[in-house]
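Below you'll find the structure, written out as structure tokens, and then a few comments.
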Amino acid sequence: MHSTSTTPLRLPEPPPGEQAALDDGGVAVWEQDLTIATYEPAPPEKLPMFFDRRVYQGSSGRVYPLPFTERIASEPRDRAWRAVHIENRWIRLVMLPELGGRIHIGYDKTAGYDFFYRNNVIKPALVGLAGPWVSGGVEFNWPQHHRPATFLPMESWIEREPDGAVTVWMSDHDPFARMRGTHGVRLRPDSSLIELRARLHNRTDVPQTFLWWANVAARAHEDYQSFFPTDVRYVADHARRAVTAFPRADRPYYGVDYPARVDAEHPDADRIDYYGNIPVPTSYMVVETRDDFFGGYDHAAGAGFVHWADRRIAPGKKQWTWGNAPFGHAWDDQLTDGDGAYVELMAGVYTDNQPDFSYLAPGEVKTFSQFWYPITGIGAAHQATKDAAVSVQVGDGRVEVGVVSTAVVRDARIRVAVGDRVVERVVDIEPGRPFVESLTGDDVASGDDLRGGDLRAVDVEVTVTSGDRELVRWRPRADDDAAPEPAVATEPPLPADIASADELYLTGVHLAQYRHPTRQPEPYWLEAVKRDAGDARSNTALGAAATARGEYDRARAYLHTAIERLTFRNPNPADGEAHYRLGLVELRRGDAEAAYDAFAKAAWDVRWAHPASVQMGLADARAGRDLDALGRADDARRFGADDPLPRQLRIILLRRLGRTADADAELAALREDDPLDVLTGYLADRRLPADGLMLLDLAGDLERAGERDAALAVLAAATTAPAAGTGAAAPVAEYRRAAVLADAGDDEQASAARRRAQQAPADWAFPAGLDAHDALRRAVAADPADARARSLLGMWLYDRGRRADALDLWREALTETTDDAVLLRNAALATVEVAGDLDSAAALYDRAVRSSADPRLWFELDQLAQRRGIPAAARLARLEPHRELITVRDDLLVTLADLLTATGRAAEAIDLLLSRPLQPWEGGEGIAIRAFARACLARADELRPDAAGAVIERALDAPRSLGEAWHLLDDRASLWLRLGRARSEAGDAAGADTAWRRAVDESVAGEVGADTLDGARAARARGDHGTAASLRSRVAARSTELRTTPARIDYFATSLPETLLFSLDPADDARRRADELEAALARYDAADGSGEPTERSGTPAAATADADREVLA
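The numbering used here applies: residue 2 is where the sequence shown begins, and numbers increase by one.
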């Protein structure tokens, strides 16, 4: 799957009418499919993925209820993608609404340059939260990174504005919280500015967290530079785990010792603003700046781009790269066919790190804009505004000034001052026609003042004006190198180790807000109430968490406790949150009057007045109190003018009251503001979305407003909606219909709906949300024999952490004749995780694989066999008869290869690993390449020295078809040791010494593991017994550390692939790794003095294979 030449996409010409607009200096916009060679994702897994401990970009990688895709086609086919084209005289953009609304192409017509990376194929790799992810263009990541819906379609609409500007709007509901995200790409006729207009709406009834990162890709090479503002002195890693100086890294960062890489031939090797200097996958984010811009510049092409946004809401400025080395190049090959490497230059709004989340209140709408524009001929910008960018270079007795504008500027005045000497130029500038001039020392200063290249040492200022308006100004920042280094983040103590209840509460808030993947907030709040049973804030937080789990009685108790404390001395508390949340709980419990009273009290606090008024208005509407509801809707609109729900409720109520003209006027205004809103579209012309889950959202909105018949009709439409990338709605829609009908007193029709639910297709039906929970809970209570309701509700509960309750339901649903593979597998998984009964789980998996040909089931079955300690030969005997079925999966193919190696069939293992291209997934790299290395090591032992050496060399330079390459920091001492032995046996003493030296070097630099002892063996083979002893001591010390240090999961881990299927007890894992190291030490110590082991070092092949298979889980 290595890169091959790619035919550039042929972009269509504008239709005649749009070409005429373009010729007149306007903006052309049109919709026209774009045919692109596409590597299609396989259908997603039909099994729900409960990745509750998955680490993804530093926060939770939980994917449920989204279906998860684990395979991508290995060959492309042409596919027509819905595309929206927008163009003015300087810029051409192409948006792909079906791929998360991304900008796919950003082309500078004046320079003939793609300032955004143009990927000429759609070639997803397994990088996304739900699997597929594509590189290139601009991806809009929200409400977490990467965008969960990055490979899902959005609705689109074109807005033409009176001044000639055009905005292409795209909108969807996020797959998890069901918030609504809308973004519009605006182009004006007289500007090269691209404006991104975002509108983020929390359409739910509880606060939500979110981040927003616009992820720009730019084609990268040795001469591509990422530029940040000149006052940026430090950058930070994810979660601020580490910091380094910028642009010259002053310490090891991501394991690379940048200062040590600098030498006479590579004086700038520590400059991490250049892609070419970064050899490993690396992120860095600006910690602090007083400026609003950043960007990238291609010095080979003389072109680049600037991003600008108000730093007060948009502080995020980040670069990411796979790295300029074989490991990164292999990932580039996974993502494109010949378009090469790229860097990501991400711009964050309401966030400055990953993870770093902000809040959206119920009904809140946040709107903001970001801007990009191309630059040419000026180099990296030193200052930029929305109007212009300026660069200044000093050295060799000259000052070189470059200015590029975003619009036509006649008679722009460019003033350059160096000290008390001033030069002015009056010129015309416009996009693509920059001003660039090199001023000599005679023009502006004495030549001696301009010899050095440090701008901060020169008193220079550049100002660009147009008339009385300043476009951009730059002068060097004051030298603040002595500014304190920013602190790195620290792991919070465990609850028992925190002194104050206040810190316990806030630590829990942090964990919840940042969606921490491995540490839960509830233990911190529980510790707080353990010390003070009435702690109002922690009880409120616990009540909110219990509500989200569907534990309404428990939530009610926590919230009453909180309110008792809040009102102990003051019956009118300053904070209405506890009352508001109690209202939500009482609604779910069916006590409408208690709910209304709680909302009314919450509305005394202006922070909760809007959502509380919404809830009271909806309650009045359900009860038929339409005039009262109208008043509440007006209150809600007054407190939250941007929330469309009060206006939508008004339309419903005005129609009920016969005020059709007023309703129509309200609807017309609402449609003009936001035509892509689903409920607004339905109220206008009964327009229904195609997506089944959005139909469920719409039905919920209608039901809560008392529009029962409309809700039933929409739910009926959801029962026939085809399954999509977001999942399937049919059975849940029927159960929700049953609940609505039961509330209407129509028990016969409710029963019929439940029967239909039991027969509806259930592939990819993964229920989520409290409405689904409540409907399924009622279905379970209504019919003791309804296995479908129990199966679905069990999924809901398992995802919410109520695993024992889920297992109880799944056991109730199971019979001796059950052949539902999803139910059998879910019960097996819970039997491991909850009951710890591995043998019973294995029996359930056996039934599952007999019921379904899904190869994922075989993978999980084998993972369980490994955990049960089943020998490699027995596992192989179980899998091998099904080779054709199971080897369509990469993980099972690699598993099978490892088992072949472990049972003495290394040659077959090599052949199997090379039988087709493999696809890694981000965070799980190294699986295939290590399996190949193990097979090659085993095969080498069967061959003569020359042939053995060739096999090992093949492992060191892994075939491209494995889909990955060795990481710079990988320890390959075992391979180098074996290569040295082969060369020595072939009489090549110098070659042997070279190989052994590499083994030593990689072990010295690498993390400590059993392979470190192969570095020690290589040192002994070279006669370097001191290094050998040192390496052995490091292994022994690591073993002792594992035995004596309390084990816990790394708080700042960015990937924990070994916990994806079955949970991993940190203490058990530490003991296992200590056992492996001690066994390796024993083998090492038993070796003879020649430096060769009596048995190959490190973990035995089967055990090592097992360890890597855990990583695949």
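For every residue, glycine included, the Cβ atom is placed at its ideal position computed from N, Cα and C.
>> Quick test of the definition: if touching needs 3 or more C-beta pairs under 8 Å, does the region 326 to 334 touch the region 391 to 400?
In response: no
> Any idea if residue 865 is buried or exposed, counting beta-carbon neighbours within 10 angstroms, 16 or more meaning buried?
Replying inline: Within a 10 Å sphere around the beta-carbon of residue 865 sit 16 or more other beta-carbons, which makes this residue buried.
>> For residue 639 and residue 632, I'd like the C-alpha separation in whole angstroms.
In response: The straight-line gap separating the alpha-carbon atoms of residue 639 and residue 632 is approximately 11 Å.
>> Could you give the first and the last residue of the continuous alpha helix (DSSP H) run that contains residue 17?
In response: 17 to 24
> Hey, out of 681, 208, 150, 721, whose CA is closest to residue 762's CA?
Replying inline: 721
> Nearest to residue 487 by alpha carbon, out of 241, 1008, 62?
Replying inline: 241
>> Which same chain residues end up closer than 7 Å to residue 985 when comparing Cβ atoms and leaving out the 5 residues on each side of it in sequence?
In response: 993
>> Once DSSP output is grouped into helix, strand and coil, what is the label at residue 531?
In response: Three-state result, residue 531: helix.
> Where residue 861 and residue 846 are concerned, what is the direct C-alpha to C-alpha distance, given to the nearest angstrom?
Replying inline: 8 Å
> Apart from the five residues just before and just after residue 441, which ones in its own chain have a Cβ nearer than 6 Å to its Cβ?
Replying inline: Cβ neighbours of residue 441 beyond the five flanking positions: 399.
> Anyone know if the C-beta pair for residue 732 and residue 769 falls short of 8 Å?
Replying inline: no
> Does DSSP classify residue 278 as helix, strand or coil?
Replying inline: helix
> Near residue 538, what residues of its chain come up, given a Cβ to Cβ distance below 7 Å and the 5 sequence neighbours on each side ignored?
Replying inline: 506
> Once you ignore the five residues that flank residue 68 on each side, which residues in its own chain have a CB closer than 6 Å to its CB?
Replying inline: 45, 728, 765
> Under the rule that 16 or more other beta-carbon atoms within 10 Å means buried, what is residue 867, buried or exposed?
Replying inline: With 16 or more other Cβ atoms from the protein chains shown falling within 10 Å of its own Cβ, residue 867 counts as buried.
> Span of the alpha helix (DSSP H) holding residue 750?
Replying inline: 748 to 760
> Hey, quick one: how far does the beta strand (DSSP E) through residue 425 stretch, first residue to last?
Replying inline: 422 to 430
>> Do residue 379 and residue 432 have their beta-carbon atoms positioned less than 8 Å apart in this structure?
In response: no
>> Let me confirm a value: residue 926 is counted as buried when at least 16 other C-beta atoms fall within 10 Å, else exposed. Which label applies?
In response: The residue in question, residue 926, is buried, as its Cβ has 16 or more Cβ neighbours within 10 Å.
> Rounded to a whole number of angstroms, what is the C-alpha to C-alpha distance between residue 1000 and residue 484?
Replying inline: 42 Å
> What three-state label does DSSP hand residue 449 in the structure shown?
Replying inline: In this prediction, residue 449 has a pLDDT of 47, which is less than 50 and means its spatial position is unreliable; what the coordinates show is noted afterwards. Under the three-state reduction of DSSP, residue 449 is assigned to helix.
>> For a quick check, are the C-beta atoms of residue 815 and residue 824 less than 8 Å apart?
In response: yes
>> If we require 4 or more residues per run, which alpha helix (DSSP H) segments fall completely within the region 483 to 557?
In response: 502 to 514, 523 to 532, 537 to 549
>> Quick check on the burial criterion: 16 or more other C-beta atoms within 10 angstroms. Buried or exposed for residue 121?
In response: buried
> Hey, would you say residue 671 sits closer than 8 Å to residue 645, going by beta carbons?
Replying inline: Going by C-beta atoms, residue 671 is nearer than 8 Å to residue 645.
> Where residue 17 and residue 31 are concerned, what is the direct C-alpha to C-alpha distance, given to the nearest angstrom?
Replying inline: 11 Å
> In or out: residue 1046 buried (at least 16 other Cβ within 10 Å) or exposed?
Replying inline: exposed
> Just checking, does the region 192 to 211 make contact with the region 1015 to 1022 on the three C-beta pairs under 8 Å criterion?
Replying inline: No: fewer than three Cβ pairs fall under 8 Å.
>> For residue 265 and residue 275, I'd like the C-alpha separation in whole angstroms.
In response: 18 Å
> Should residue 963 and residue 938 be called a contact, given that it needs their Cβ atoms to be closer than 8 Å?
Replying inline: Residue 938 is positioned such that its CB atom lies no closer than 8 Å to that of residue 963.
>> Between 368, 406, 395, which has its C-alpha nearest residue 374's C-alpha?
In response: 406
> residue 1064 bridges to which residues according to DSSP?
Replying inline: In the DSSP assignment, no residue is bridged to residue 1064.
> Hey, out of 287, 914, 223, whose CA is closest to residue 238's CA?
Replying inline: 287
> Leaving out five residues before and five after residue 254 in sequence, what residues of the same chain have Cβ atoms less than 6 Å from its Cβ?
Replying inline: 245
> Does DSSP put residue 1 in a helix, a strand or coil?
Replying inline: In the structure displayed, the chain extends from 2 to 1114; residue 1 sits before or after that span and is not available.
> Going along the chain, which residues of its own chain have a beta-carbon closer than 8 Å to the beta-carbon of residue 1098, five neighbours each way excluded?
Replying inline: Unreliable positioning characterises residue 1098 in this predicted model, as indicated by a pLDDT of 42, which lies under 50. The coordinate reading is nonetheless provided below. If we look at residue 1098 and ignore the five residues flanking it on each side, its Cβ neighbours are 975, 978, 1011, 1012, 1014, 1015, 1018, 1081, 1084, 1085.
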